[in-house]
Amino acid sequence: MEVVYMISVRWRKVLGDLWLNKTRTLLAVLAIAIGIFGVGTVLAGYSILTHEINANFLGTHPASAILYTENADDKLAAAVESLPGVANAEPRRIVTARIQAGPNEYRRLLLFVIDDFNNLRVSTFKLERGNWPPADREILIERSALPLIKKEIGDTVIIQTPNNGQDHELKVTGIVHDPGQSPGDVDNIAYGYITLNTLESLGETRALNELRIVVDENSKDVTRITNVANQVRDVMEKRGYHVSHVEIPNAGKHPHADQMDSLLFLLEVFGILALILSSILVASTVSALLSQQIRQIGVMKVIGATTYQIAGLYFGSVLLLGVSGLLSVFLLACGQAGHSRYSQRKY
Amino acid sequence: MNNENLIRLTGVTKTHEGAGGTFHALREVNLQVKPGEFVAIIGKSGSGKSTILNMLSGIDKPTSGEIWIGDTTIHNMDQDQLAKWRRRNVGVVFQFFQLLPTLTILENVMLPMDFCGIIPARERKGRALRLLEQVGISEQADKLPALLSGGQQQRAAIARALANDPALLMADEPTGNLDSHTSEAILQLFKGLAASGKTIVMVTHERDITKWVSSVVKLADGQVVNGSGLYD
Ligand SMILES: Nc1ncnc2c1ncn2[C@@H]1O[C@H](COP(=O)(O)OP(=O)(O)OP(=O)(O)O)[C@@H](O)[C@H]1O
Ligand SMILES: [Mg+2]
Numbered sequence: 135m136e137v138v139y140m141i142s143v144r145w146r147k148v149l150g151d152l153w154l155n156k157t158r159t160l161l162a163v164l165a166i167a168i169g170i171f172g173v174g175t176v177l178a179g180y181s182i183l184t185h186e187i188n189a190n191f192l193g194t195h196p197a198s199a200i201l202y203t204e205n206a207d208d209k210l211a212a213a214v215e216s217l218p219g220v221a222n223a224e225p226r227r228i229v230t231a232r233i234q235a236g237p238n239e240y241r242r243l244l245l246f247v248i249d250d251f252n253n254l255r256v257s258t259f260k261l262e263r264g265n266w267p268p269a270d271r272e273i274l275i276e277r278s279a280l281p282l283i284k285k286e287i288g289d290t291v292i293i294q295t296p297n298n299g300q301d302h303e304l305k306v307t308g309i310v311h312d313p314g315q316s317p318g319d320v321d322n323i324a325y326g327y328i329t330l331n332t333l334e335s336l337g338e339t340r341a342l343n344e345l346r347i348v349v350d351e352n353s354k355d356v357t358r359i360t361n362v363a364n365q366v367r368d369v370m371e372k373r374g375y376h377v378s379h380v381e382i383p384n385a386g387k388h389p390h391a392d393q394m395d396s397l398l399f400l401l402e403v404f405g406i407l408a409l410i411l412s413s414i415l416v417a418s419t420v421s422a423l424l425s426q427q428i429r430q431i432g433v434m435k436v437i438g439a440t441t442y443q444i445a446g447l448y449f450g451s452v453l454l455l456g457v458s459g460l461l462s463v464f465l466l467a468c469g470q471a472g473h474s475r476y477s478q479r480k481y
Numbered sequence: 130m131n132n133e134n135l136i137r138l139t140g141v142t143k144t145h146e147g148a149g150g151t152f153h154a155l156r157e158v159n160l161q162v163k164p165g166e167f168v169a170i171i172g173k174s175g176s177g178k179s180t181i182l183n184m185l186s187g188i189d190k191p192t193s194g195e196i197w198i199g200d201t202t203i204h205n206m207d208q209d210q211l212a213k214w215r216r217r218n219v220g221v222v223f224q225f226f227q228l229l230p231t232l233t234i235l236e237n238v239m240l241p242m243d244f245c246g247i248i249p250a251r252e253r254k255g256r257a258l259r260l261l262e263q264v265g266i267s268e269q270a271d272k273l274p275a276l277l278s279g280g281q282q283q284r285a286a287i288a289r290a291l292a293n294d295p296a297l298l299m300a301d302e303p304t305g306n307l308d309s310h311t312s313e314a315i316l317q318l319f320k321g322l323a324a325s326g327k328t329i330v331m332v333t334h335e336r337d338i339t340k341w342v343s344s345v346v347k348l349a350d351g352q353v354v355n356g357s358g359l360y361d
């Protein structure tokens with residue numbers, strides 16, 4: 135009995151009223167919980183999708199511009215890197231090939247041909263497991279393509295290149311993570327990384343046809359990138375390289391930025407809807423409570439309560455509902471945390 | 130200043146502005162009540178009984194005229210001052226008891242002490258129990274109001290009105306919702322309180338009220354009607 139009286143009488147009235155309308159109270163708490171959860175999900179989604187993925191992506195030194203030529207090499211890259219406005223330049227080649235995923239089943243394969251695996255400067259990627267760099271007739275595979283081709287380190291993959299269309303066997307010796315590529319299992323495409331020697335053994339000409347450059351600052355300023363790229367083109371043409379065309383990838387944007395934007399938009403809409411819905415529910419709960427107690431409020435004033443004291447009581451009940459809602463979301467989030475730590479590994 | 134009268138109303142008028150023009154609920158009412166008096170206000174429905182009681186409790190304010198309670202004028206106080214004055218000086222009893230349904234009888238009696246903070250927190254429970262004993266329902270202390278009879282609820286409401294030990298009790302038809310037997314017990318209780326020094330003003334429709342109260346004020350159309358013929 136004495137313990138109960140630690141709470142003053144007026145707050146016992148508040149608790150009593152909330153308890154009297156258990157269903158309504160529970161509904162309000164639930165509504166607040168859903169609202170907070172909705173907004174929380176949106177915020178978390180924003181922070182994960184925008185911040186972490188972008189940070190991941192920008193960490194790869196994505197190419198500001200790609201200049202297509204016949205034979206880009208290290209000498210050219212070194213010369214271009216010394217130009218003002220250019221931070222890095224690296225020769226590359228991307229070959230669209232096919233990879234066998236099962237009997238008579240082929241998938242699209244983007245083969246990235248790298249001149250020097252130990253000196254990646256543009257569009258970098260990291261080894262997750264296995265060996266680095268790949269030796270001749272060996273291939274590294276991007277991790278998101280693994281479920282697609284159902285192969286592992288040590289397995290042999292069969293590849294067809296466009297030039298001669300014959301089957302070539304390469305050994306998988308490492309798995310890499312390349313944040314610059316869209317998820318292979320989503321886009322139904324595999325990514326492989328090979329040396330120039332390996333390219334030659336696949337029946338392709340031994341040449342790199344891209345010079346990828348990264349500008350030294352304002353990597354999102356398209357006008358600046360265009361200016362620098364045009365300068366590089368001029369220098370290349372003076373040196374006798376023919377530049378067939380210049381590509382400026384969506385400046386500083388993740389390859390799936392548009393899909394991400396629409397996903398974020400959906401999240402936003404759901405979050406706002408949940409918030410509006412819960413606000414309406416809470417508002418109606420509180421106004422129901424108030425209109426039910428107009429007479430009680432009058433009585434309390436007559437027996438000595440000030441307007442502030444009464445306002446305090448009803449603010450208190452709203453606060454109590456809010457804290458209960460927050461607490462249930464917190465408990466929910468604690469349960470979720472374990473699950474999402476698991477599912478994060480996928481991406 | 131006249132210390133003999135605890136309550137003094139001089140020229141109190143209350144008007145309401147309505148669609149049909151100005152309505153006079155009270156006209157130039159003069160009234161004096163001495164300490165320890167038990168005053169009954171009677172009159173037909175709409176004659177202004179509740180209006181006058183609400184003025185005395187500081188729930189309502191006159192349009193013109195003066196209201197003195199002891200050395201204090203309350204007709205010129207604002208809402209906040211009135212609330213603070215009422216806490217110390219007036220206990221109110223309603224016709225329909227108006228106990229808060231989610232609090233026990235004991236808690237209902239403690240509630241005014243909680244709001245006003247005049248009685249130290251440590252003493253509140255003991256005081257509330259003594260008040261319940263005084264009105265004769267201490268066994269009901271831990272029950273919710275809905276479980277009590279009308280008479281018991283009104284006793285609890287009287288105990289609640291006495292919570293902060295006010296000098297004045299205002300009761301608007303406190304027996305209006307009770308059978309005649311229970312009404313007599315409640316009137317007896319009020320009479321005892323008056324004898325112990327409380328000043329009580331009660332609006333009532335009870336017949337033979339004179340055997341309980343020390344004086345009767347009759348209102349008709351917002352005016353005090355003096356003289357004989359109280360019950361016509
Ligand atoms: N806020 C208001 N606006 C307009 N008229 C009002 C207002 N309050 C009271 N009145 C009028 O003032 C008159 C006096 O009202 P009051 O409540 O004092 O009567 P009463 O004597 O207590 O009657 P009853 O015995 O029915 O309780 C009534 O005619 C009532 O309609
Ligand atoms: Mg009345």
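In order, the protein sequences belong to chains A and B. Numbers given in the working numbering equal positions in the first sequence, counted from 1, plus 134. Numbers given in the working numbering equal positions in the second sequence, counted from 1, plus 129. Even glycine gets a Cβ: it sits at the ideal position worked out from N, Cα and C. Computed from a predicted structure; not experimentally measured.
Outcome for residue i when other beta-carbon atoms lying within 10 angstroms are tallied against a minimum of 16
i, result
"THR339(A)", "exposed"
"GLN300(A)", "exposed"
"GLU236(B)", "buried"
"LEU410(A)", "Note on identity: in this sequence residue 410(A) is Ile, with Leu being the wrong assignment. Exposed."
"TRP153(A)", "exposed"
"ASN483(A)", "As shown, chain A starts at 135 and ends at 481. That puts residue 483(A) outside it, with no answer to give."
"ALA169(B)", "buried"
"LEU275(B)", "Per the sequence presented here, residue 275(B) reads as Ala, with Leu not at that position. The residue is exposed, with fewer than 16 neighbouring Cβ atoms inside 10 Å."
"ASP361(B)", "The pLDDT assigned to ASP361(B) is 40, lower than 50, so where the model puts this residue is not dependable; a value taken from the coordinates is nonetheless given after this. The residue is exposed, with fewer than 16 neighbouring Cβ atoms inside 10 Å."
"ARG336(B)", "exposed"
"LEU376(A)", "Per the sequence shown, residue 376(A) should be read as His rather than Leu. The residue in question, HIS376(A), is exposed, as its Cβ has fewer than 16 Cβ neighbours within 10 Å."
"ALA206(A)", "buried"
"GLN483(A)", "Outside the displayed range of chain A (135 to 481) lies residue 483(A), so it cannot be described from this structure."
"SER181(A)", "exposed"
Reduced DSSP category for residue i - H, G, I as helix; E, B as strand; rest coil
i, result
"VAL270(A)", "Sequence check: residue 270(A) is Asp here, not Val. Note: ASP270(A) maps to coil in three-state DSSP."
"THR339(B)", "helix"
"LEU249(A)", "Note on identity: in this sequence residue 249(A) is Asp, with Leu being the wrong assignment. ASP249(A): coil per DSSP, three-state reduction."
"SER335(A)", "helix"
"HIS334(B)", "coil"
"LYS327(B)", "coil"
"SER193(B)", "strand"
"LEU465(A)", "helix"
"ASP301(B)", "strand"
"HIS204(B)", "coil"
"GLY175(B)", "coil"
"GLN426(A)", "helix"
"ASP294(B)", "coil"
"PRO281(A)", "helix"
"GLY172(A)", "helix"
"ILE359(A)", "helix"
"ARG373(A)", "coil"
"ARG217(B)", "helix"
"GLN234(A)", "strand"
"GLY199(B)", "coil"
Proximity test, residue i beta-carbon vs ligand 4 heavy atom, cut-off 7 Å
i, result
"GLY175(B)", "Ligands displayed in this structure: ligand 1 and ligand 2; ligand 4 is not among them."
Contacts that residue i makes with chain B (C-beta to C-beta distance below 8 Å)
i, result
"GLY438(A)", "ALA212, ARG215, ARG216, PRO241, PHE244, CYS245, ASN293"
"ARG144(A)", "LEU240, ASP243, PHE244"
Boundaries (first-last residue) of the alpha helix (DSSP H) holding residue i
i, result
"SER179(B)", "178-185"
"ALA288(B)", "279-290"
"SER309(B)", "309-324"
"PHE259(A)", "It is not in any alpha helix (DSSP H) - PHE259(A) carries neither H nor E in the DSSP assignment."
"ALA250(B)", "250-263"
Amino acids of chain B, ordered along the chain, whose beta-carbon sits closer than 9 Å to that of residue i
i, result
"LEU154(A)", "PRO230, THR231"
"VAL452(A)", "Neighbours of VAL452(A) on chain B: none; closest Cβ ~17 Å, over 9 Å."
Boundaries of the beta strand (DSSP E) in which residue i is found, first to last residue
i, result
"SER344(B)", "344-349"
"GLN352(B)", "352-354"
"PRO218(A)", "No beta strand (DSSP E) contains PRO218(A), which DSSP labels as neither H nor E."
"VAL291(A)", "290-294"
Within chain A, partners of residue i - CB distance below 7 Å
i, result
"ARG259(B)", "Simply none; closest approach about 16 Å."
"ILE188(B)", "VAL436"
"GLN283(B)", "Near GLN283(B) there are no residues of chain A at all, since even the closest Cβ is about 14 Å away, more than 7 Å."
Chain B residues whose Cβ lies nearer than 7 Å to that of residue i
i, result
"GLN443(A)", "PHE244"
"VAL173(A)", "Within chain B, no residue comes near VAL173(A); the closest Cβ sits about 33 Å away, beyond 7 Å."
Proximal chain A residues relative to residue i, where beta-carbon distance stays under 8 Å
i, result
"VAL221(B)", "VAL436, ILE437"
"GLU236(B)", "VAL143, ARG146, LYS147"
field: Any heavy atom of ligand 2 within less than 7 Å of residue CB: hits in chain order
entry: That query returns the following residues: LYS178(B), SER179(B), ASP301(B), GLU302(B), VAL332(B).
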